[in-house]
């Protein structure tokens with residue numbers, strides 16, 4: 019064409035090439051943010067590196083300057099087990115002690131624990147959370163603060179705090195991680211008695227068909243396996259199984275054993291919880307409220323005798339193997355749980371006229 | 154005087170490249186901000202910022218722009234906060250809790266405190282420390298009134314977008330999120346309508362000092378004035394960094410839950426405004442007023458099939474011009490010049506070859 023390139027010398031070519039490269043460099047400079055930027059962020063690349071560095075250096079710091087009122091070192095007492103296993107009785111007796119405050123079921127703590135379990139159970143959800151910066155440590159801190167807020171503030175301040183929500187003990191190992199000084203009281207009871215109590219009192223529990231002994235006992239067995247397993251995992255230093263039957267037959271020795279485990283001085287008050295009702299918060303709608311207002315009694319030990327359907331009795335060992343594991347006899351439809359101690363004998367004699 | 158080819162080329166380079174540099178001063182808005190004092194003492198009185206709105210309404214863009222500001226940190230979306238808010242709602246309907254013998258007032262208050270502490274822990278700890286903390290979750294605006302109870306000094310930003318655009322975004326991208334039906338414009342629009350109404354009502358009730366409505370279209374077309382208004386509302390000095398958010402983001406800042414990741418890495422994205430034109434089925438268009446009455450409440454025209462959302466401001470216009478110049482200069486540099494180079498080299502090689 020009309021390009022007179024024959025006169026194009028080598029030097030000019032080099033200049034030309036240099037100019038081309040220079041303008042490309044200028045274009046690159048522009049897209050990466052012009053040098054006029056503030057000192058904290060020069061080019062795109064630098065900012066990138068800085069952000070990556072920030073992302074890597076920041077990790078969850080438990081001493082980070084966000085003060086919270088509540089310490090996870092608190093030696094909280096957690097009471098739980100299957101519903102209708104004496105959990106309310108246990109917490110009422112503890113409440114009678116001057117230094118301990120349990121209060122009512124919170125009902126919200128087990129729900130949060132269940133929700134947390136859902137968050138981390140699915141590996142996809144867990145990964146998503148971690149990508150958003152919600153590392154396990156962050157979530158644990160948030161869950162602990164939630165639980166502590168509820169436990170500490172839903173009743174009067176006390177020297178020792180306690181919480182009773184039956185199904186919290188499905189998360190014993192996790193709670194032990196959150197609160198390394200916490201102690202757990204697992205209430206155990208003959209599954210047949212528990213089943214009878216649930217069915218006769220029409221206590222609704224999610225997933226339980228309360229028209230069928232077979233179903234209730236099967237679900238009881240499954241839950242007990244989980245709860246008992248967790249209790250054994252944290253060890254006897256932190257989790258103490260307490261048999262309801264023993265508690266009501268031999269309260270003196272049992273409560274002394276419990277207080278030794280809790281490392282709290284025993285008090286006479288716990289034997290007379292019904293006399294300290296003014297200090298104990300009750301809920302109108304909790305199923306055991308009417309019962310714990312009475313002194314210790316033995317009727318519940320045997321009220322289920324004869325109520326279990328024949329076919330269920332026959333398959334008992336197959337339906338509920340946890341019975342024998344926990345020390346109960348699945349083949350005996352009318353077991354003897356033991357002898358009452360002096361205190362109970364006196365109580366029964368004294369109240370023989372005011373039988374419920 | 155006849156310009157030599159080299160001279161012409163030089164001129165082309167200058168024109169295609171240097172001009173954009175002259176436009177840069179228009180794009181640069183400088184502002185100074187002083188250190189803000191912060192007190193962790195009473196955590197529930199923290200001035201948090203909550204961003205929400207329906208999905209695909211610019212919530213991720215908004216939080217990315219705020220993240221570009223030195224003082225603010227939002228971070229990626231966290232799923233657990235709305236779960237806990239939902240839990241709180243559930244238990245407030247639980248009759249046993251509502252009927253405790255002793256002191257009925259105590260219970261709601263302690264649960265509120267517990268929920269607040271949970272939310273604070275997660276927001277504060279899931280990312281680097283900052284002067285103002287912020288959280289973005291589309292559906293947390295369904296709980297804005299409750300959140301206002303928990304955090305009386307918090308500010309709320311409700312992102313609003315034309316429901317038709319939002320629906321098209323979900324359906325064209327086949328986003329199986331929440332309960333949107335990716336096969337039905339009608340159903341998705343109704344869901345949009347139902348939920349935006351809840352959010353809108355709460356936002357209005359909270360008042361304009363607490364809750365600010367931001368139209369996505371305005372944010373894109375008039376970013377300077379919209380962001381300045383937003384920062385005035387939040388009580389934070391404006392910074393030009395928010396207009397250049399794509400320079401301050403990095404892949405690691407986003408979680409996979411945020412579907413908009415690829416979009417916010419590009420400069421303010423204008424195409425999203427009109428992509429839905431002509432894509433709404435006829436029968437849905439006809440019933441638009443009945444399916445989505447919130448459209449008119451929010452200032453959109455349900456009967457206009459190709460609405461004009463407004464004019465772009467100087468900043469956006471300049472960006473478009475610069476972008477075009479950039480394209481042009483790239484064309485010159487990588488197409489035209491190499492062709493010249495090759496032809497020059499060919500000619501000169503013939504100059505060197507033996508005659």
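Chains as they are written, first to last, in the working numbering: chain A, 19 to 374; chain B, 154 to 508. Where a beta carbon is used, it is the ideal one built from N, C-alpha and C, also for glycine.
Annotation for residue 178 of chain A: the continuous beta strand (DSSP E) segment containing it runs 178-182.
Bounds of the beta strand (DSSP E) holding residue 285 of chain B are 285-289. The Cβ atoms of residue 317 of chain B and residue 369 of chain B lie no closer than 9 Å to each other. Take the alpha-carbon of residue 113 of chain A and the one of residue 99 of chain A: they are about 18 Å apart. In this structure, the straight-line span from the alpha carbon of residue 464 of chain B to that of residue 375 of chain B is close to 8 Å. With a cutoff of 9 Å on beta-carbon distance, residue 181 of chain A and residue 298 of chain A are scored as not near each other.
Cβ neighbours of residue 275 of chain B within its own chain (closer than 8 Å, five residues either side excluded): 231, 233 and 234.
Residues of chain B whose Cβ lies closer than 9 Å to the Cβ of residue 32 of chain A do not exist; the shortest such Cβ separation is about 12 Å. Per the DSSP secondary-structure output, residue 261 of chain A pairs in a beta bridge with A:206.
In the three-state reduction of the DSSP assignment, residue 172 of chain A falls in the coil class, being assigned neither a helical nor a strand state.
Assignment of residue 28 of chain A by DSSP, reduced to helix, strand and coil, places it in the helix class.
For residue 471 of chain B, the closest alpha carbon among the candidates B:433, B:396 and B:447 is that of B:396. In the three-state reduction of the DSSP assignment, residue 247 of chain A falls in the helix class. Taking a beta-carbon distance threshold of 9 Å, residue 229 of chain B counts as an interface residue toward chain A.
The straight-line gap separating the alpha-carbon atoms of residue 92 of chain A and residue 177 of chain A is approximately 11 Å.
Note on residue 457 of chain B: under 16 other CB atoms within 10 angstroms of its CB, so exposed under the neighbour-count rule. Here residue 391 of chain B is buried: its Cβ has 16 or more other Cβ atoms, across all protein chains shown, within 10 Å.
If you draw a 10 Å sphere on the C-beta of residue 480 of chain B, you find fewer than 16 other C-beta atoms in it, and that means exposed.
When 8 Å is used as the limit between beta carbons, residue 490 of chain B is near these residues of chain A: 38, in chain order. With respect to chain B, the C-beta atom of residue 41 of chain A has a partner C-beta closer than 9 Å.
Taking the CA atoms as reference points, residue 289 of chain B sits about 25 Å from residue 245 of chain B. Within the same chain, Cβ atoms closer than 7 Å to the Cβ of residue 344 of chain B are found at 332 and 333, the five residues on either side in sequence being excluded.
Contact between residue 163 of chain A and residue 293 of chain B is absent: CB atoms are separated by about 19 Å, not below the 8 Å threshold.
If you draw a straight line from the Cα of residue 310 of chain A to the Cα of residue 107 of chain A, it is about 6 Å long. Taking a Cβ-Cβ cut-off of 7 Å, the neighbours of residue 130 of chain A in chain B comprise 240, given in sequence order.
Secondary structure of residue 478 of chain B (DSSP, three-state): helix. Annotation for residue 351 of chain A: 331 place their beta carbon closer than 6 Å to its own, counting only its chain and skipping 5 residues before and after. Contacts with chain A at 9 Å (Cβ-Cβ) include residue 264 of chain B.
Excluding sequence positions up to five before and after residue 322 of chain B, its CB lies within less than 6 Å of the CB of 209, all in the same chain and listed in chain order. About 5 Å separates the CB atoms of residue 204 of chain B and residue 310 of chain B; that is less than 8 Å, so the two are in contact. Taking CB atoms only, residue 100 of chain A has no neighbour in chain B less than 9 Å away. The beta carbon of residue 198 of chain B sits closer than 8 Å to the beta carbons of 304, 305 and 306 from its chain, once the five residues preceding and following it are set aside; these are given in chain order.
Between residue 297 of chain B and residue 365 of chain B, the C-beta gap is not smaller than 9 Å, which leaves the two residues out of contact. Judged by beta-carbon spacing, residue 279 of chain B lies within the 9 Å limit of residue 150 of chain A, meaning their Cβ atoms are closer than that value. Counting the other CB atoms within 10 Å of its CB gives residue 224 of chain A a total below 16, which places it among the exposed residues. Beyond the five residues adjoining it in sequence on each side, residue 288 of chain A comes within less than 6 Å, by CB distance, of 111, 114, 115 and 273 in the same chain, given in chain order.
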